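Colleague:
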């Protein structure tokens with residue numbers, strides 16, 4: 004009797020030790036994965052916050068050699084290019100996702116679209132840039148905001164397509180049945196019930212996709228190019244924060260390097276805001292079904 | 003359909019015609035030799051039965067006997083699961099599996115209530131008028147009136163009249179189920195199909211649903227699938243017993259439960275299996 008008690012106590016001790024070891028290990032891994040994030044943010048603020056002032060946010064870049072100046076054109080340019088990409092990509096991506104979730108769930112076409120969307124998400128963005136260069140820049144004989152937007156849309160579409168599909172697939176099947184049983188045609192059930200119910204997840208997916216493409220540099224290098232001045236139309240080269248940061252970071256001037264840090268900080272701030280908005284603003288009055 | 007009844011009217015004497023219009027046919031649903039297959043599964047094997055207008059008909063039987071499948075053939079919800087259907091199904095005088103039938107229109111006249119309450123993530127009011135809005139009815143007064151009437155008929159009005167614009171998901175399970183009934187009634191169906199409407203509810207909510215079914219009887223032809231035999235006895239006029247995809251017996255509820263004609267019916271209702 005006492006012997007079994009003894010061994011039970013010992014096995015319990017071993018169990019507790021293993022438990023403590025595992026939770027300790029996970030804590031260490033959390034710390035390791037958070038440290039780079041925190042240090043990048045901290046270093047960005049340390050290096051970049053100094054040069055951020057009203058001029059930086061509202062003025063054009065200063066001529067080489069002159070001091071001061073800002074990145075106003077790049078901030079606006081990022082907004083324009085990303086906005087255009089969202090305009091082009093979101094309708095295509097969302098509708099493709101609707102097809103995958105509601106119509107082509109098991110079909111051969113659906114399966115291959117899903118597969119290619121997944122592959123597309125992994126394509127290096129520089130390749131997307133080359134494709135957009137061939138498709139848009141070469142025929143137009145000009146670098147342009149629209150070429151940059153097409154490149155970014157190509158990255159956005161598979162992302163939005165898959166998040167849309169997942170959002171719709173996650174809505175309960177009995178909502179669809181309820182709609183159909185009330186004499187609603189399939190398209191109305193999809194539009195009026197399923198997409199409504201999944202609205203939050205759809206908006207979140209789109210915002211995250213926008214945040215993701217805001218940080219792309221490679222696809223813009225030879226599509227939108229860059230511009231030291233305000234853009235003169237979406238069919239003309241345009242400056243974006245990422246390309247401007249890239250340009251200033253590799254320049255041999257100290258004040259340009261400092262401004263590159265500030266530009267990077269502004270970019271991170273924009274992406275941060277997009278993420279926060281994506282996760283909070285879209286909350287509906289009618290909470291999702293539990 | 004309209005063309006056919008018009009031609010019919012021309013050929014028959016006026017007095018007979020007017021009689022047919024004023025008096026609903028004795029059977030709202032008439033099924034002949036119905037077979038349903040899901041892939042290789044033969045789910046229903048030659049079902050023939052008639053369901054009386056304005057009465058409550060209960061479908062009982064062990065799980066997997068095909069009673070839900072049968073219910074779902076009556077408004078063609080089986081179309082979603084790619085079921086293959088053979089035989090004839092007449093609902094309100096129309097062969098609903100003929101190619102000319104408008105499924106959307108059929109489902110407006112044959113309402114359905116599901117096992118788990120499934121209100122839309124919208125307000126109570128919007129849930130009830132959902133079908134009407136999609137029909138293009140915009141007049142606020144009409145919508146409010148239909149909502150009130152439907153909620154009253156579903157015995158929910160007094161509980162929700164002060165919070166019509168709250169989310170339907172704030173209601174209790176039993177209230178949600180009555181809301182789903184109100185939502186179906188708003189389209190003024192003639193037939194109401196109920197697939198175990200109380201199986202997810204507590205006894206009090208179940209009693210309310212059963213009371214509601216008895217109140218609605220007469221105005222609607224109700225077909226209810228239930229696992230609960232006491233429930234079948236309480237609410238239904240006729241009962242059909244299904245087993246392994248076959249209709250074993252159909253009779254008035256009293257007869258079926260007191261003097262079943264078939265041995266298997268007797269075994270089932272006395273709890274020997276299923």
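Protein chains in written order, with the numbering used here: chain U, 4 to 293; chain S, 3 to 276.
Ideal Cβ placement from N, Cα and C applies to all residues, glycine included.
Since the model is a prediction, treat every value here as computed from it, not as a measurement.
Let me know the beta strand (DSSP E) ranges lying completely inside the region 197-246 of chain U, each 3 residues or longer, listed in chain order.
Modeller: none
Colleague: With 16 as the cutoff for other CB atoms within 10 Å, does residue 216 of chain S come out buried or exposed?
Modeller: exposed
Colleague: Thinking residue 193 of chain S and residue 111 of chain S are a contact (beta carbons under 8 Å), I'd like their distance in whole angstroms, please.
Modeller: 7 Å
Colleague: Less than 8 Å between the beta carbons of residue 259 of chain S and residue 250 of chain S, yes or no?
Modeller: no
Colleague: Suppose you measure from the CA of residue 201 of chain S to the CA of residue 175 of chain S; what does that come to, to the nearest Å?
Modeller: 11 Å
Colleague: Below 8 Å between beta carbons: does that hold for residue 218 of chain U and residue 270 of chain U?
Modeller: Annotated as proximal: residue 218 of chain U and residue 270 of chain U, with beta-carbon spacing under 8 Å.
Colleague: Does the count of Cβ pairs from the region 193-209 of chain U and the region 163-182 of chain U closer than 8 Å reach three?
Modeller: yes
Colleague: Please identify, using Cβ separations under 8 Å, the residues of the region 125-142 of chain S that lie next to chain U, in order along the chain.
Modeller: 125, 132, 133 and 136
Colleague: Please identify, using Cβ separations under 7 Å, the residues of the region 104-117 of chain U that lie next to chain S, in order along the chain.
Modeller: Correct list: empty, as no residue qualifies.
Colleague: Distance cutoff 8 Å, beta carbons only. Does residue 120 of chain S sit that close to anything in chain U?
Modeller: Chain U contact via Cβ: present.
Colleague: Pull the bridge partners of residue 39 of chain S from the DSSP assignment, please.
Modeller: S/44 and S/86
Colleague: Identify whether residue 72 of chain U lies in helix, strand or coil by the three-state DSSP scheme.
Modeller: strand
Colleague: Does the region 60-74 of chain S touch the region 129-140 of chain S, meaning 3 or more C-beta pairs lie closer than 8 Å?
Modeller: no
Colleague: Which whole-angstrom value describes the C-beta separation of residue 138 of chain U and residue 92 of chain U, a residue pair presumed to lie in contact below a C-beta threshold of 8 Å?
Modeller: About 14 Å; that fails the 8 Å criterion.
Colleague: Residue range of the alpha helix (DSSP H) that residue 144 of chain S falls in?
Modeller: 142-155
Colleague: Look at the Cβ atom of residue 76 of chain U, then the Cβ atom of residue 242 of chain U, and state whether they are nearer than 8 Å.
Modeller: yes
Colleague: Hey, how far is the Cα of residue 6 of chain S from the Cα of residue 281 of chain U?
Modeller: Legend: pLDDT at residue 6 of chain S = 43, less than 50; position of this residue unreliable, no value from coordinates given.
Colleague: Closer than 8 Å, Cβ to any Cβ of chain S: which residues of the region 199-213 of chain U, in chain order?
Modeller: Flagged, chain order: 199 and 200.
Colleague: Residue range of the alpha helix (DSSP H) that residue 75 of chain S falls in?
Modeller: 69-75
Colleague: Per the DSSP calculation, residue 224 of chain S is bridged to which residue(s)?
Modeller: S/58 and S/194
Colleague: If you reduce the DSSP assignment to three classes, tell me which class residue 209 of chain S lands in.
Modeller: helix
Colleague: Identify which residue in U/97, U/73 and U/256 has its Cα closest to the Cα of residue 170 of chain U.
Modeller: U/97
Colleague: Taking the beta strand (DSSP E) that residue 237 of chain S falls in, what are its first and last residues?
Modeller: Residue 237 of chain S -> not in any beta strand (DSSP E); alpha helix (DSSP H) instead, spanning 231-237.
Colleague: Quick check on this structure: which residue in U/174, U/213, U/192 and U/190 has the alpha carbon closest to the alpha carbon of residue 204 of chain U?
Modeller: U/174
Colleague: Going by beta-carbon coordinates alone, are residue 80 of chain U and residue 106 of chain S separated by less than 8 Å?
Modeller: no
Colleague: Once the 5 residues before and after residue 104 of chain U are set aside, which same chain residues still bring their CB inside 6 Å of it?
Modeller: 168, 171 and 172
Colleague: Using alpha carbons as the reference points, say which of S/166, S/186 and S/183 lies closest to residue 125 of chain S.
Modeller: Put simply, of S/166, S/186 and S/183 the residue whose alpha carbon is nearest the alpha carbon of residue 125 of chain S is S/166.
Colleague: On the three-state DSSP scale, how would you describe residue 242 of chain S?
Modeller: Look at residue 242 of chain S here: in three-state DSSP terms it is strand.
Colleague: In this structure, how does DSSP classify residue 29 of chain S when only helix, strand and coil are distinguished?
Modeller: strand
Colleague: In chain U, which residues lie with their C-beta within 9 Å of the C-beta of residue 107 of chain S?
Modeller: 186
Colleague: Mind reading off the beta-carbon distance from residue 152 of chain S to residue 207 of chain S? Whole number of angstroms is fine, and I expect it under 8 Å.
Modeller: Between residue 207 of chain S and residue 152 of chain S the Cβ distance is about 19 Å, and since that is not below 8 Å, they are no contact.
Colleague: Can you give me the start and stop residues for the alpha helix (DSSP H) that residue 1 of chain S sits inside?
Modeller: Nothing can be reported for residue 1 of chain S, as the shown portion of chain S is limited to 3 through 276.
Colleague: What residue range does the beta strand (DSSP E) around residue 113 of chain S cover?
Modeller: 112-115
Colleague: For residue 146 of chain U, which three-state DSSP category applies?
Modeller: coil
Colleague: Please classify residue 46 of chain U: is it buried, with 16 or more other beta-carbons within 10 angstroms of its beta-carbon, or exposed?
Modeller: Exposed: under 16 other Cβ atoms inside 10 Å.
Colleague: Where does residue 120 of chain S sit, in a helix, a strand or coil, going by DSSP?
Modeller: Coil.
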